[in-house]
Every structure is written in structure tokens, then in C-alpha cells.
Amino acid sequence: MTDADIAEVYPHKNNTELIVSYILEEKKELILKTNEENVIDLESLEREIGSDKILVDSDKKEFKLTLDKPETISFKLFVNNQKPFTLSILKANGEKIFDYDLNQPEKYSATFDDVSDDEDNIGWNFSEFLRVSEGQIFEHSDGTSTRPYLYFGDYDYAIRKASISESFDINGKSRKNSLTAANSAILYSEPGSRILDGPKGSGNHIYTTHYGDHQKGDFDSLELSEMAYEGLKMEDKPQGAARNFISNNVFNYVVPSDGKGVPGTSGPDKIGMSYAMLETPKFYYRTNLKTGLEEQKMVYKQRPFYVNKKGRHNPEITTTIKLSFNSMGRVVTKITFTNTSKVNPETHEADTFGGFIGFSNQDLSLNKDGKEITDKNGKRIGNYLPLRTLGNKRGMYIQSADNQIRHSIYTNQPNGPAAFAARSTSSSYIATKGYSYNPGLIGIVAFRERYYPWKIGKPQSSGVFGGASRYFNKSKNQFLSPYVPEGLFNAFDDQSDKGDSERKDASGARLGVAEGKPTWDAGITMRTEAQHLHPKESVSMEYTSQTDIKGTTFNPVIELDLQGSDDDPQILPMSSDTLPISGQWYDFDSKDVTMHYSIDSDKEEDYQILFNASQKDSDIFYGNHHEIVNQKISLKGLEKNKHKIRFYMEDKEGHRSPIKEHVIKFVKPATDKPQIVVTSPGSTIKEPHDPIDNLIDLKGYWSDKNSKKIKKITYKIDDGDEITAAENLDNPNLGKLIPWKWKELDIENYNDFETHKIEITIADEDGNEGLEEFYFRHQPGALKLTAPEKIDFGTVAVSQNGSSKTAPQIEEGNVILDDYRRENSGPISVSLSMDTFYKEIEEVHDDSDTGDDSSSIGDHDRVVSPTDSLIHKAYWKNKLVDSNNLIIGTSDGKTSPKWRDSVDFTNEVLKNLKLDFQSRNEGLKTGKYVSHWTWQTVESIQ
């Protein structure tokens with residue numbers, strides 16, 4: 001047979017490298033064909049297989065290749081990485097083997113959905129650079145203060161705003177920085193220090209909680225290397241948030257597992273493979289209007305194979321990881337896996353992903369100021385620690401041996417993981433088949449092995465003599481990384497194993513083994529339920545985390561088993577007259593505490609006492625958790641709509657916990673008449689929803705007591721036309737609340753500050769109707785400036801005498817100022833600052849590792865040359881200007897009653913800006929030179 005495939009893809013700065021694999025019959029020929037000219041690098045292809053082996057037909061845009069080298073089964077093909085085009089590979093007789101689309105823009109559409117929640121796309125700013133987002137500041141009575149941070153990957157990369165492409169660069173067999181590592185840190189300020197001075201301020205300290213996150217001080221640690229069975233490989237050293245990542249079982253389509261319920265998995269950092277990442281992930285940030293704090297998200301795609309072929313399943317998964325702060329200062333991590341498979345032109349259907357499982361993999365380590373935390377004698381006390389339960393299925397925590405730092409992971413969220421196991425983790429750059437079985441030959445023992453996250457625990461001793469096994473360090477009483485004790489799994493027995501998620505022990509109980517037993521490389525693995533994920537369907541997994549730093553004083557911490565929010569309230573029947581309260585609390589510095597609550601008020605005088613409690617000195621020392629039981633709040637007399645309940649705990653010394661909010665909503669029981677209700681976002685005619693863009697996501701419930709089918713759901717805005725959103729919906733569970741979601745409702749035509757009404761009507765097959773009203777009104781806001789990710793000056797001949805003045809080229813994106821201020825606001829100028837142009841260093845890769853890893857289980861931060869750079873002079877309208885402060889345009893101000901006014905400065909930049917480049921010395925190296933540009937808004941003085 002003759003066949004070919006795209007085996008690997010490596011994005012470079014100037015092109016994309018494809019590894020094309022092939023199997024040929026007697027005629028050793030393949031044909032490459034494109035629908036665009038000049039998108040294949042012919043020179044590099046000639047060097048790869050020989051110019052005499054290539055026959056070019058320019059008219060047909062075809063390249064006939066003779067591939068007759070013995071034992072050669074692949075070749076490298078370099079192609080354009082900017083222009084959208086289709087690469088076709090054909091047999092020698094012209095029969096098409098496959099088409100492969102490159103550089104295709106993303107397309108989005110609005111749909112009505114009845115599936116679970118997934119990520120919204122409203123108000124996000126795309127960025128090529130990582131960043132650290134700051135949470136609220138917490139002041140303590142001893143003069144200390146703390147502030148949570150959130151970011152992706154290693155703190156050291158995020159704090160210096162390293163580029164996504166730099167993080168995605170290759171480090172051995174992995175990436176330099178694990179971009180799917182959802183991380184957080186705590187900035188701690190000593191008494192007399194200023195937390196606003198940031199991490200470099202005197203007396204300020206940074207605490208992190210994951211291995212390789214702000215841990216460069218341990219990079220060459222011999223002790224850490226000895227903890228791993230074969231020593232730490234370059235890819236697993238404590239930098240770049242190594243061993244912290246999001247994964248799934250896409251790889252099982254490539255190399256199926258030999259066992260049932262234990263599918264193969266792959267980390268996202270395996271180089272060049274479609275089942276790891278199809279392309280560089282996309283990073284976004286925005287300000288959450290409810291909290292006023294910044295949040296972030298990372299988005300990437302995976303497929304088993306780059307190429308869609310007849311008879312080959314190739315479902316595509318898009319993973320969105322969102323990081324945000326809640327009102328209590330905790331970091332919320334939400335991971336959404338969506339089947340974004342494209343329609344196969346041959347079957348006219350998109351692939352369903354059978355038995356999909358998503359994983360969150362975390363290698364825990366408690367670190368301070370760049371190293372694992374130590375005691376007064378310099379002994380490491382931040383890893384290989386007992387992992388403990390938060391009690392009542394709430395999650396787990398890890399605490400340093402001196403009680404200085406505690407990191408808690410709460411899994412009891414509305415979309416919490418289906419299971420978690422407090423075990424260890426694995427590497428983000430390997431792919432394994434889950435379970436391998438080789439029956440062997442006659443007289444040879446069969447080979448069986450299971451791999452993370454289904455790996456079987458190992459024995460502590462070896463043989464009858466009782467010596468330590470090769471998996472165990474007897475002197476430290478620890479299992480070597482990543483092994484766990486016999487009888488356990490790293491992390492689950494199979495896809496139905498619940499791990500530790502069903503444990504009902506009291507808070508503080510050891511997870512996995514009894515107290516005093518050996519420890520292991522601390523970690524946690526979370527997973528979704530195994531399920532068929534149909535096209536456009538999503539599954540989410542959410543958890544929150546909190547890091548406590550013990551000072552001389554401490555604010556109480558509360559965790560309530562109540563998760564209602566404005567966007568997802570707890571639904572209560574109209575008959576409810578009490579709300580049961582359960583949860584836990586702890587305090588590191590006080591014996592006596594009081595819990596307070598209020599309903600629909602944040603005023604101090606409206607809070608009431610819920611209960612008083614006390615604890616022992618030993619509870620204070622260890623920060624022991626205490627259960628909240630047999631408590632309830634009366635709901636009598638409340639209007640039967642939406643309400644917000646607030647809680648806080650105060651200790652005897654006056655230290656208060658952050659306020660915990662819980663939202664409830666009363667819903668009428670189902671009747672013969674259909675009902676539909678919007679639960680999110682919150683909205684009333686007195687307090688209409690404030691959209692942050694021209695799209696709104698709505699969700700809620702509908703019900704009907706006796707109709708098996710809903711005829712249609714329609715809506716209209718104000719007095720506009722009625723639009724059908726859904727029709728002929730089945731109602732198999734009569735009388736039950738059915739969740740629905742309406743994504744990206746377009747309100748662009750309502751670009752003002754008026755109150756508008758969306759009227760939603762639901763009708764059953766008997767003609768009965770129900771009505772719901774939703775109100776929205778834009779509020780005055782700030783300014784939003786967007787600029788292209790890339791501005792190109794083409795190829796320039798440079799000398800010490802300079803170059804000809806060169807104008808910029810913009811292939812994608814515009815320089816746009818969006819003004820959301822009130823009418824009659826003043827003019828705004830846009831300024832541009834240009835950094836030095838440095839030469840980019842091209843990355844290299846090792847393409848020898850191409851699949852299943854089951855059988856093999858200096859400074860890497862710079863991507864520009866610090867010595868090779870250009871001098872540049874900036875000209876605006878042919879006049880020499882300061883490139884560090886160039887005003888490229890000024891708006892007329894907000895002169896209309898519109899909510900959003902937009903000014904496009906793109907043509908001004910293209911028409912008026914020119915640069916003159918000079919080399920600093922003779923012998924300037926040829927290559928690509930890049931500069932970081934900063935765009936800012938400046939209030940214009942009239």
C-alpha cells in the first residue's frame with residue numbers, strides 16, 4: 001500500500017516544519033500540491049531529498065518527489081507560517097491521500113445550548129506575554145499583610161512577562177515553561193514593610209506551592225536529584241513549573257491501551273505531537289467587573305492526528321483553563337474540555353470522543369523566595385509531606401513541618417472533579433498507553449505494566465531479607481519519586497476509581513496510608529467522569545485553592561458547603577423556610593470565635609450572630625479544622641426571589657475572616673404551564689445586568705409538568721422582532737428543572753446607556769406559554785486599547801550608515817481605541833514606545849522520540865541574543881521623533897451618547913511611521929530582529 005501522514009509539526013519563528021512520514025509501493029513517488037504559490041520552501045526540500053529528486057510543475061503548484069532512499073520513511077518539509085493554504089499529498093497516479101489546512105483563522109458562532117457551562121469569550125484581551133495578576137490585600141493586626149497572585153507556569157516567567165513563544169520553546173524533550181500549569185503565589189509582607197512595594201520590596205517574601213514554581217534556587221540540588229530513582233533529568237528539574245500540567249486521554253486513539261478502563265494519556269508538552277498541542281496556546285486576560293480583579297485564561301487544541309483521513313477517528317479537544325479570584329481571596333481554577341471536532345467531508349459528521357477523561361496533575365512543593373522551604377537548621381520541609389483531608393469530601397491540604405505554610409485545595413465545587421487522589425504525579429512530556437501487556441514467547445514470562453495515572457504502588461522492601469526496595473529510600477523513610485506505597489495507585493486503579501474523593505474522615509486525617517507511614521513525592525491528580533463527548537459538548541472541572549502563611553496573628557478561615565453565586569445560585573423550592581449551614585473553620589491564634597451572617601445587606605449593623613465556638617491550645621498550634629454542624633438560617637418572611645447571604649467569622653482578638661457570600665433563588669414548582677427562568681447573570685428592572693461587551697451569555701432552567709415536548713423558545717429585545725432560539729425540545733423528565741444555556745446573544749444594536757428588556761417566551765405542544773423578562777443596561781466604563789500582535793518591517797539591508805526608511809506592514813489586527821466613558825469626556829491620545837531590536841535565537845528540536853514512552857520512562861530563559869541588536873531611528877511624517885514616547889493619534893473625545901465609540905489608528909501608523917535601522921558594528925549577523933512595543937493611552941490636554 002501507499003500512504004502518507006503528517007507525523008509531527010514544529011512551529012518556528014519564520015516558518016513551520018512538518019515531518020511527513022510515508023509508506024510507498026514499488027513506485028517510490030509522492031506528489032505535494034498546494035492551493036497557493038510560494039508556500040513551500042523549495043531550497044530546504046532540495047537539501048533534504050536532493051534537487052534531482054524533485055520535479056516542479058509551477059502551473060499546477062505541484063512537486064513530484066522521488067523517495068527511493070532505503071530505510072528512509074520520512075522527510076522534513078518547511079512551509080509558510082503566515083498565509084492560509086491547503087497542502088495536499090497525492091499518490092503517483094494523482095489519487096489524493098489527504099488534505100491538510102495550515103494557518104487557518106479561528107471562527108466563532110453564537111448558538112443556543114442545553115449543555116453544561118463552558119468558557120465565555122466576552123471582554124478578553126489577547127496577549128503574547130505572560131503576567132501576574134494581583135488579588136486583594138489582607139492586613140493583619142501584627143503589621144503583616146498578604147496578597148494572592150495568580151498566573152500560568154513558573155512565577156519567574158510570569159513576573160518578568162516572558163512571551164508565550166519563549167515559554168513554548170524547547171527544553172530537552174519538553175517545553176521551557178509549563179503553560180498549562182495553573183499556579184498561584186502569596187506575597188507576604190513583614191511588619192514595617194510595604195506590600196505595595198511588590199515582591200522586590202524590603203521585608204517582602206514570595207511563597208509558592210508547586211514543584212518548579214519559583215524554585216530556581218534548587219535547580220542544581222543534589223538532594224533533589226537523589227530523590228528521583230534515576231536522578232533528575234533536565235526536563236524535570238525545578239524550573240518552569242515542571243510536572244504540573246493538564247492532560248487527557250487523546251493519546252489512546254494513537255496507541256490504544258491493552259487494558260479496559262485504563263486509557264493511554266499524554267502530557268501537553270510532548271514536542272511536535274498533535275495529541276500534545278496542535279499549536280502554541282493562546283493566552284488572555286481581563287478585569288472581572290464583579291470583583292474588580294484581573295483573571296486569566298489559557299486555550300489550546302489537541303487531536304490524535306494532524307490529518308483527517310477516511311476511516312480514522314480524529315476528534316479535536318479544545319481545553320480552556322481559567323484562573324480567577326473569588327471574594328474570599330481564593331484562586332478559582334476552572335478547566336473546560338470541549339469537543340471542537342470539524343465535520344469530516346467524507347462522513348459529513350464530526351467525531352464523538354468515546355470515553356473522554358480530563359486530568360489535572362499537580363506536583364506539590366511548599367517554597368519560599370526561590371527555594372523549597374526549610375527549617376531553622378536548613379532541612380527541607382516543603383515536600384514529601386503527609387497529604388491530609390479537609391473532611392466531608394471537601395478536598396485536601398498539605399502543611400509544612402513547622403506549620404509556617406498551608407496549601408488547601410477545595411474540590412467541593414458545583415463543577416468539582418469527579419475524583420481526586422492525593423498521590424504523586426508524572427512528567428508533562430511523556431505519552432504512555434495506560435496498560436501494556438505482552439504475552440511473551442513459550443518459556444518467557446509475560447510482560448505487564450501500568451503507567452500514570454493508573455500506576456500500581458511499589459513495595460517498601462525487597463525479598464525475604466527485608467532490605468529496602470529500589471523504589472524506597474530507607475534513611476529518609478520516603479518512596480523515591482514518583483512511586484507510592486504498595487496497595488495504592490498513582491493515581492487511580494481505573495477510570496471508575498474515586499481515589500480519595502469519597503473519604504468521610506474528619507479533617508486532618510492522613511490520605512492514602514496511616515499516620516506515621518512513609519511519605520512520597522507529594523502531589524494530587526484530579527479527573528473528570530469518563531464520558532462520551534459529542535461535538536460541541538463540554539465537560540468542566542473546577543476547584544479553589546488557598547495558601548495560609550502563619551504570622552504572630554492570624555485571621556480565622558471559614559469554608560462553607562454552600563457554593564451559590566450570582567451566576568449560579570442555589571435553587572430552592574418556594575416552600576423552603578430554613579437554610580441548613582455546614583462547613584468548617586480554623587484559626588492559628590485564638591481560642592474563641594463568633595460566626596456572623598446577614599441577608600441582602602453588607603451593613604455592619606445588619607449582621608446577626610449564627611454561633612459561638614472555642615478551641616484548645618493544641619488546635620491553635622496545628623491550625624486544626626472544626627466542623628460546623630446543626631446550624632441553620634431562617635428564610636421566613638423573605639420575598640420569593642433572589643437573595644444574597646453573607647458570612648464572616650471574628651475571633652476574640654478582633655481578627656476577621658474574609659466575607660463568604662452565598663446566593664439563593666426561589667423557583668416555582670413545575671406546573672401544566674411551561675416555565676423558563678434566567679438564573680445567570682443576575683438582573684432585575686431596578687438592577688439591570690451590566691454587559692461588558694456586545695454579547696451576553698444567559699443560562700437558567702425550564703420546566704413543564706405534563707408536556708413531553710417544548711414546541712419552541714423565542715425571545716425579543718424591546719419591541720424588536722421575535723426570534724426563535726430553540727424548538728422541538730424533548731422533556732423526558734416531566735416536572736424536573738432542565739438546564740439551558742444561551743451563548744453570545746448579540747446586543748450590538750443597543751450601544752447606549754438605556755435600560756433594555758429581553759422577553760423570553762416558552763411554549764409547549766398544547767399551546768401553553770410561560771414568560772421571563774431579563775433587563776440589561778450598559779454602564780460608563782474606561783478605555784480599551786488593542787494593537788496587533790505582530791508588526792513586520794520586512795527584509796532590510798542594514799549597515800553602520802543606516803538603511804532606507806522602512807514602513808511597517810500589518811497582516812492581522814488593528815490599532816483601535818474603544819471609549820466606554822460618559823458623553824462629553826475629553827480627548828485621548830495613543831502613545832507608542834519601542835524597545836531595542838534584538839536578534840532572535842532559533843530553537844532546535846529532537847525529533848527522534850515520536851510516540852509511546854511507556855518503555856522508557858545552564859540558563860534556558862533567553863530567546864534573544866543580548867549582544868546582537870540594531871540601532872533604530874523613528875520618523876513620523878518624515879520628521880525624526882522620540883521612539884520612546886511617540887503620539888500616533890488623538891481622539892475627538894466622547895461626543896456622542898453611544899456606550900462604545902471606536903477610533904481606528906491603523907492607517908495613521910501605516911502611512912506616517914517609518915524606521916531607519918543601523919548596525920552597531922561591522923559583521924552584523926543575518927537573522928530576525930524583534931522589539932517589544934508598548935501602546936498606552938494618555939489624557940490629552942485641551
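The sequence shown: position 630 = 630 (UniProt numbering), numbered continuously. Using N, Cα and C, we set each Cβ at its ideal position, and we do this for glycine too. Remember, it's a predicted structure, so these values are computed and weren't measured experimentally.
Cα-Cα separation, Lys-665 to Glu-687: In the sequence shown, counting from the first residue as 1, residue 665 sits at position 665. In the sequence shown, counting from the first residue as 1, residue 687 sits at position 687. Going from the Cα of Lys-665 to the Cα of Glu-687 covers about 16 Å.
Sequence-distant residues of its chain with Cβ nearer than 6 Å to Pro-658 (five each side left out): As a working mapping, residue 658 is identified with position 658 in the sequence shown. Taken in chain order, the residues that qualify are Met-328 and Gly-329.
Exposed unless 16 or more other CB atoms sit within 10 angstroms - verdict on Met-277: The residue labelled residue 277 in the question sits at position 277 within the sequence shown. When all chains shown are included, Met-277 counts as buried.
For Val-881, three-class secondary structure by DSSP: Here residue 881 is taken as the residue at index 881 of the sequence shown, counted from 1. Strand, per DSSP.
From Ile-723, Ile-571, Ser-575 and Asn-308, residue whose alpha carbon lies closest to that of Tyr-253: Residue 253 sits at position 253 when you count from the first residue of the sequence shown. Looking at the Cα atoms, Asn-308 is the closest of the given residues.
Option nearest Gly-516 by Cα separation, candidates Asn-477, Leu-488, Glu-43 and Ser-804: On the sequence shown, position 516 is the one that residue 516 refers to. Here the closest residue by C-alpha is Asn-477.
Coarse secondary structure for residue 943, derived from DSSP in three states: There is no way to answer for residue 943, as the model of the chain reaches only from 1 to 942.
Between the CA atoms of Lys-616 and Tyr-437 - distance to the nearest angstrom: The count along the sequence shown starts at 1 and reaches residue 437 at position 437. The count along the sequence shown starts at 1 and reaches residue 616 at position 616. Spanning the two alpha carbons is a distance of roughly 55 Å.
Exposure of Lys-708, with buried meaning 16 or more beta-carbon neighbours within 10 Å: Walking along the sequence shown from the start, residue 708 turns up at place 708. The residue is exposed, with fewer than 16 neighbouring Cβ atoms inside 10 Å.
Simplified DSSP state of Lys-216, which is helix, strand or coil: Position 216 of the sequence shown, counting from 1, holds the residue named residue 216. Three-state DSSP puts Lys-216 in a helix.
Boundaries of the alpha helix (DSSP H) in which Tyr-622 is found, first to last residue: Along the sequence shown, read from residue 1 onward, the residue named residue 622 stands at position 622. Residues 617 to 622.
7 Å CB neighbourhood of Thr-2 in its chain, flanking five on each side removed: On the sequence shown, position 2 is the one that residue 2 refers to. Answer for Thr-2: Ile-23, Leu-24, Glu-25 and Lys-91, listed in chain order.
Cβ shell of Gln-570 (< 6 Å), same chain only, five flanking positions each side left out: Residue numbering aside, residue 570 sits at position 570 when the sequence shown is read from its first letter. Within the same chain, Gln-570 has close Cβ partners Gly-564 and Ile-664.
C-alpha gap between Leu-729 and Thr-671, whole angstroms: Position 729 of the sequence shown, counting from 1, holds the residue named residue 729. Position 671 of the sequence shown, counting from 1, holds the residue named residue 671. The straight-line gap from Cα to Cα measures roughly 17 Å.
3-residue-minimum beta strand (DSSP E) runs that sit fully inside the stretch 365 to 431, ordered along the chain: 395 to 399, 405 to 410 and 419 to 421
Three-state secondary structure assigned by DSSP to Lys-53: Reading the sequence shown from its first residue, position 53 is the one you call residue 53. The answer is helix: DSSP assigns Lys-53 an H, G or I state.
Given His-756 as reference, the closest of Asp-764, Glu-71, Ile-747 and Ala-763 once Cα atoms are compared: As a first step, residue 756 is located in the sequence shown; it is residue number 756 there, counting from the start. Nearest of Asp-764, Glu-71, Ile-747 and Ala-763 to His-756, Cα basis: Ile-747.
Gly-354 versus Asn-878, Glu-95, Gln-362 and Glu-316, residue with shortest Cα-Cα distance: Translated into the one-based positions of the sequence shown, residue 354 becomes position 354. Closest option to Gly-354, Cα to Cα, is Glu-316.
Status (buried if at least 16 other CB within 10 Å, exposed otherwise) for His-532: Numbered from its first residue, the sequence shown carries residue 532 at position 532. Its Cβ having fewer than 16 others within 10 Å, His-532 is exposed.
Asn-885 and Ser-833 closer than 8 Å at C-beta: As a working note, residue 885 is residue 885 in the sequence shown. As a working note, residue 833 is residue 833 in the sequence shown. In contact: Asn-885 and Ser-833 (Cβ atoms closer than 8 Å).
Beta-carbon separation (whole angstroms), Arg-423 vs Tyr-410, contact threshold 8 Å: Residue mapping note: residue 423 aligns to position 423 of the sequence shown, counting from 1. Residue mapping note: residue 410 aligns to position 410 of the sequence shown, counting from 1. Rounded, the Cβ-Cβ distance is 18 Å, inconsistent with contact.
Residues that Trp-876 bridges to, as DSSP identifies them: Counting from 1 along the sequence shown, the entry for residue 876 is found at position 876. DSSP output for Trp-876 lists Lys-879 and Leu-913 as bridge partner(s).
Separation of Gly-123 from Asp-117, as counted between CA atoms: Along the sequence shown, read from residue 1 onward, the residue named residue 117 stands at position 117. Along the sequence shown, read from residue 1 onward, the residue named residue 123 stands at position 123. Note that Asp-117 has pLDDT 39, beneath the 50 cutoff, so the model's placement of it is unreliable and the number below is only indicative. If I take the Cα positions, the gap works out to 18 Å.
Pair within 8 Å by beta-carbon distance, Lys-636 and Asp-600: Here residue 636 refers to the residue found at position 636 of the sequence shown. Here residue 600 refers to the residue found at position 600 of the sequence shown. Against a cut-off of 8 Å, the Cβ pair of Asp-600 and Lys-636 comes out as no contact.
Contact the stretch 184 to 203 vs the stretch 140 to 157: 3+ CB pairs below 8 Å: yes
Boundaries of the beta strand (DSSP E) in which residue 944 is found, first to last residue: Outside the displayed range of the chain (1 to 942) lies residue 944, so it cannot be described from this structure.
Nearest-angstrom Cα separation, counted from Val-132 out to Lys-76: For the purposes of this step, residue 76 is identified with residue 76 of the sequence shown, where counting begins at 1. For the purposes of this step, residue 132 is identified with residue 132 of the sequence shown, where counting begins at 1. Computed Cα separation, rounded: 38 Å.
Between the CA atoms of Ile-696 and Val-863 - distance to the nearest angstrom: As a working mapping, residue 863 is identified with position 863 in the sequence shown. As a working mapping, residue 696 is identified with position 696 in the sequence shown. Because the pLDDT at Val-863 is just 43, under 50, the model does not fix this residue reliably, and the point stays unresolved.
Alpha-carbon spacing of Glu-166 relative to Phe-129, whole angstroms: One-based indexing of the sequence shown puts residue 166 at position 166. One-based indexing of the sequence shown puts residue 129 at position 129. Looking at the two C-alpha atoms, the distance is approximately 9 Å.
Chain-order list of residues whose beta-carbon lies under 6 Å from that of Gly-623 (same chain, five-residue window excluded): Here the question's residue 623 lines up with position 623 in the sequence shown. Same-chain partners within the cutoff: Tyr-586 and Phe-588.
Residues of its chain near Arg-194, where Cβ-Cβ distance is below 7 Å and the 5 sequence neighbours each way are ignored: Here the question's residue 194 lines up with position 194 in the sequence shown. Within the same chain, Arg-194 has close Cβ partners Gly-201.
Contacting residues, own chain, Cβ-Cβ under 7 Å from Gly-551 (five flanking each side not counted): Reading the sequence shown from its first residue, position 551 is the one you call residue 551. Excluding residues within five positions, the ones whose Cβ falls inside 7 Å are His-140, Asp-142 and Thr-144.
Range of the contiguous alpha helix (DSSP H) that encloses Asp-156: Position 156 of the sequence shown, counting from 1, holds the residue named residue 156. Where Asp-156 is concerned, the enclosing alpha helix (DSSP H) stretches over 155 to 159.
Tyr-929 burial status per 10 Å Cβ neighbour count (16 or more: buried): Position 929 of the sequence shown, counted from the start, is the residue given in the question as residue 929. Buried, because 16 or more other Cβ atoms sit within 10 Å of the Cβ of Tyr-929.
Closer than 7 Å: Trp-742 CB and nearest the ligand SAH heavy atom: This structure lacks the ligand SAH; in fact it carries no ligand of any kind.
Glu-71 classed as buried or exposed, judged by whether at least 16 other C-beta atoms fall within 10 angstroms: Sequence index remark: in the sequence shown, residue 71 carries index 71 (1-based). Exposed, by the Cβ-count rule.
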